[in-house]
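For the sequence shown, UniProt numbering assigns the number 1 to the initial residue and increments by one for each residue that follows.
As structure tokens, the structure follows; a few thoughts come after it.
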Amino acid sequence: MDKINIAIDGPAAAGKSTIAKRVAAALNMIYVDTGAMYRAITFAHLNNKEIPFNELVNQLEIKLINEKGQRVLLNDEDITDRIRENDITENVSFVASQPEVRAFLVELQQMMTRDKGVVMDGRDIGTTVIPDAELKVYMIASVEERANRRLLDNESRGIASSYDQLIADISERDHLDMTRDISPLTKAEDAVSIDTTGLSIEHVTDKILSLAEERL
Ligand SMILES: Nc1ncnc2c1ncn2[C@@H]1O[C@H](COP(=O)(O)OP(=O)(O)OP(=O)(O)O)[C@@H](O)[C@H]1O
Ligand SMILES: Nc1ccn([C@@H]2O[C@H](COP(=O)(O)O)[C@@H](O)[C@H]2O)c(=O)n1
């Protein structure tokens, strides 16, 4: 096959974006971080709480620029670092449960994958956004390992956090994402499960690359 789409879903801090970026670079595909798009709308909502979601989404233009990882622009403002801060993380699952927000972003994401050649990570990619993706991966890791990874991640970004708080926050966010009414986080029936607990980034990347090669 000439071009494929790859969907990577899973709970918070399982390693989806780290691996998706590497897989996309190795296969010369486009990487799309859909979590960043929900975070961008959360940023807009926190600055404009009085605006209903159906009106808010019509005022937003979200661009993902593949430069220095991936830059996130909201109405041409670079909010890449801002959307990783705690207030956004604490509110994003609520914003992502809003029907108007999901309809707006799923349509945008489906347009981005129409011509194939995309590695997209998120929570509903294999189930809702690209149910016909040639490769679907459901990536998991123990909550302890995910909290440790996020702790190191936050330290490197200068974001204050503690291991115990991260365990609680990650567990709560997963619960909200798995139990919301619309497109809850769940493994697509035809997704390949990969438990990354104890596995290196290189090992997981190679595993997905070999699954992709089988489909190309
Ligand atoms: N297999 C792995 N082994 C060790 N560390 C990893 C592994 N995969 C990812 N990491 C590290 O874990 C941290 C979290 O990974 P990442 O941000 O990719 O997760 P994510 O699933 O995209 O999270 P979220 O959905 O919350 O954005 C990063 O610092 C990354 O370097
Ligand atoms: N396809 C997606 C992607 C993300 N979400 C929501 O956004 C939150 C942040 O995602 P990160 O990957 O940046 O951590 C996530 O917790 C979900 O609430 C989503 O609903 N669908």
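The beta carbon of each residue, even a glycine, is placed where N, CA and C say it ideally should be.
Just so it is clear, the structure is predicted and the values come from calculations on it, not from any experiment.
May I ask whether a heavy atom of ligand 2 can be found less than 8 angstroms away from the beta carbon of residue i?
i           : result
residue 102 : yes
residue 93  : yes
residue 185 : yes
residue 177 : yes
residue 157 : no
residue 124 : yes
residue 215 : no
residue 39  : yes
residue 12  : yes
residue 173 : yes
residue 121 : yes
residue 218 : Within the shown structure, residues of the chain are numbered from 1 to 216, placing residue 218 beyond reach of any answer.
Return the Cβ separation of residue i and residue j in integer angstroms, given the expectation that the two are a contact with Cβ distance under 8 angstroms.
i           : j           : result
residue 79  : residue 53  : About 18 angstroms separates the two Cβ atoms, so there is no contact after all.
residue 110 : residue 129 : 6 angstroms
residue 19  : residue 201 : 7 angstroms
residue 23  : residue 212 : 7 angstroms
residue 29  : residue 117 : 5 angstroms
Please list the terminal residues of the continuous beta strand (DSSP E) segment that includes residue i.
i         : result
residue 9 : 6-9
Please find out if some non-hydrogen atom of ligand 1 comes closer than 8 angstroms to the beta-carbon of residue i.
i           : result
residue 203 : yes
residue 150 : yes
residue 51  : no
residue 35  : yes
residue 127 : no
residue 16  : yes
residue 64  : no
If you follow the alpha helix (DSSP H) that residue i is part of, which residue opens it and which one closes it?
i           : result
residue 195 : Per DSSP, residue 195 belongs to no alpha helix (DSSP H); it is in the beta strand (DSSP E), 192-195.
residue 202 : 201-215
Please go through the region 94-152 and give each complete alpha helix (DSSP H) segment of 4 or more residues, from N-terminal end onward. 99-113
Sequence ranges, beta strand (DSSP E) only - wholly within the region 14-102, length at least 3: 30-33, 62-65 and 71-74
Complete alpha helix (DSSP H) runs within the region 158-196 (minimum length 4 residues, chain order): 163-179
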